[in-house]
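Numbering (the UniProt record's numbering), first residue to last: 1 to 815. Where is the CB? At the ideal position from N, CA and C, for every residue including glycine. Data block below; observations after.
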């Protein structure tokens, strides 16, 4: 049993219906039926692969789109294949498919073309460039990834993924050069095409009010046939037959050379192939109506009333018409209307039935116009659409044979008359009523051969080049506001990706309050506070997120780390159990549970939790790092080294992994190797004072105190609040016999951390060097009271208070 002709089109419509409404199982089932009917059709393979991709079945999407995608037969298949390759970590194969299909997507730009009634199921150039950037970034080719991300942003400034991708791989990005309105965007907003000094109205999208909601069935619309002639630009632009006939007189512009005039228009071809019905449904085929109001006013022939004064013919003996004709040819749905005429306005006597006595049998034998509107109830209006008897004196032989030519000429007259608002003085023969079209008035051979120049009134009908319309200005203002918002948020994200936390906080402070209070922006602010070691402020920000959006899961691992640093066991335990209840398959929940176990000193349980997080997301680099920290707590250096390397493999710019490897080598006594890994971490994050402190400690243990002092001093300048940096700097200064400078640092630390026994112990040693016996005993006593376990060491120093210090305070004495 062979299916009817319309089954395939109906299946496509149903598949898109279920995809748009979230019924992925239904869409997949119907896509299988379509693929069975058309096993070699690229569109059927694309829909089947797309349904599998939406359901997360990357392997099935890979298989169904592989043949058409790798052979560049279908752009949608190539794009779905690339997305599946990204999910399956086959990055080079996906990039190869998109590169081979470049001819299908190069030059496409769908910005400002998506709406509730117009969709594109195939990507444009910006989307393909962004996908290529993702593939090459995951593959490790940073240079190509940067190039493709930049190309995507050049086409579409709203490609946020491309911007964040550039920031994440460490590229130098200037947001002020990214989030700005481009000339292409201005052209798309204003719908104008500028060629040299001439500016023509460019095709604009149909508004939602006038668009036919049943565009998926174009065969029932006489003004939009599914098969469109290539030479008729009026049809290709979605115009009606009436407008296409109007434009048909100028074959040089509206015929075969239309592509030279409308360079920026996308040819309604699906994926570079033949035109298909589904493209009309998604807006590719049903283009805008060409508006030629200005050109018609200039090129309109002379009106018969003006021509009558040349003396070549007598004025018609008719009643003067006092009503003004108003015509509109904006879109195919707009009817052309006249003010109703009174009885006997055309000078003909009516019979009882309402028909004109001058009506001939010839007019009855003519076929009705297929584009004519249905007859009105009024017999007078019905009679006006029937062809009147032409004048035998002025009727040219060619006018009967070519009714379309008369139709074009007369409508130009009516349009020019309507736009100028003049009172008509010509014959009423062939008036347009309610959008019906019939052959109109006559024109002599001399008029055909020598068209008169446009009158001054016609020239004034050209719209002046003044300020753009209010809608264009409003849309441009909206785009500029959005770009400014992205610039503010993007500046903060860029600073945060470079670990410039202070500048990031300043940038996020400029974001409007309503946008700043959203979970994503608050999470970035919390991360900035966390990077600055301002854990109390970070905890407040994340708590606000939990109050505003309890289901928000992103960046919750940073919140759990913040609570771990604050040693808040109750809050951390509550967060872990809440996240687990919300989503047991999220790596953030398992990280929070692991941090809670770590704070409870259950390191083995913490290792299991972090390992589970890495299983759920193998690219979750921070879970590998936290797992390495727990192995370090258990002194399992080999396992810790493996997990830190996994973290770097998941994200090469994850500085915590490099820091962890340096810590492992430092604990193993390989100080030179540890220094290299610490410096690799500092190259990624040059604004972290703790990394500089670790480098200084390694240099001190390598017997390089001067170089270590430089690192500690740089850390203090970078973060004056860093207690560790000042404490290590005071240690080195005391060893180098710079007791006065060491005393300044220790006095600052005493006020910043009065309950730290290490600070009081070092302060007592410093006063001992300065021969201040009283202050030395005082601070050594405070240190003993704060840390009774160190009673023996402190008592030994107190007993030798009157002896010269051997200079021996070094980092080896760290508690």
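Let's test the definition: count the other Cβ atoms within 10 Å of the Cβ of residue i and tell me whether it reaches 16, buried, or not, exposed.
i, result
"residue 115", "exposed"
"residue 517", "exposed"
"residue 2", "exposed"
"residue 35", "buried"
"residue 107", "exposed"
"residue 716", "buried"
"residue 848", "Since the first residue shown for the chain is 1 and the last is 815, residue 848 is missing from the structure and cannot be characterised."
"residue 11", "buried"
"residue 20", "exposed"
"residue 774", "exposed"
"residue 140", "exposed"
"residue 509", "exposed"
"residue 757", "buried"
"residue 789", "exposed"
"residue 822", "Residue numbering for the chain in the displayed model covers 1 to 815; residue 822 lies beyond these limits and cannot be assessed."
Specify the secondary structure class of residue i as computed by DSSP and reduced to three states.
i, result
"residue 603", "helix"
"residue 117", "coil"
"residue 801", "coil"
"residue 654", "coil"
"residue 716", "helix"
"residue 14", "helix"
"residue 825", "Any question about residue 825 goes unanswered here, given that the chain covers just 1 to 815."
"residue 772", "coil"
"residue 173", "coil"
"residue 181", "coil"
"residue 76", "helix"
"residue 552", "coil"
"residue 110", "coil"
"residue 518", "coil"
"residue 96", "helix"
"residue 621", "helix"
"residue 594", "helix"
"residue 500", "coil"
"residue 827", "With the chain covering only 1 through 815, there is no way to say anything about residue 827."
"residue 2", "coil"
"residue 630", "helix"
"residue 532", "coil"
"residue 41", "coil"
Mind checking which residues open and close the alpha helix (DSSP H) that includes residue i?
i, result
"residue 748", "739-752"
"residue 729", "723-735"
"residue 511", "Segment: none, residue 511 is in no alpha helix (DSSP H) and carries neither H nor E."
"residue 758", "757-769"
"residue 89", "Taken as a continuous stretch (DSSP letters only), residue 89 belongs to no alpha helix (DSSP H), as it is neither H nor E."
"residue 144", "142-155"
"residue 476", "470-497"
"residue 574", "569-582"
"residue 55", "No alpha helix (DSSP H) contains residue 55, which DSSP labels as neither H nor E."
"residue 690", "689-701"
"residue 683", "671-684"
"residue 163", "160-168"
"residue 131", "125-139"
"residue 33", "24-37"
"residue 566", "Note, residue 566: premise wrong, no alpha helix (DSSP H); not H, not E."
"residue 103", "102-105"
Residue i CB to nearest chain B CB: under 8 Å?
i, result
"residue 5", "The structure shown contains no chain B; it is built from a single protein chain."
Based on Cα-Cα distance, which residue from the options lies nearest to residue i?
i, options, result
"residue 618", "785, 585, 532", "585"
"residue 32", "19, 51, 22", "51"
"residue 178", "170, 168, 186, 156", "156"
"residue 485", "632, 779, 175", "175"
"residue 739", "762, 168, 752", "762"
"residue 741", "560, 730, 749, 751", "730"
"residue 37", "5, 49, 19", "5"
"residue 489", "163, 475, 665, 627", "163"
"residue 478", "495, 783, 713, 180", "180"
"residue 661", "719, 681, 651, 653", "681"
"residue 555", "547, 185, 568, 522", "522"
"residue 562", "549, 530, 544", "530"
"residue 560", "547, 574, 551", "574"
"residue 657", "669, 642, 667, 671", "642"
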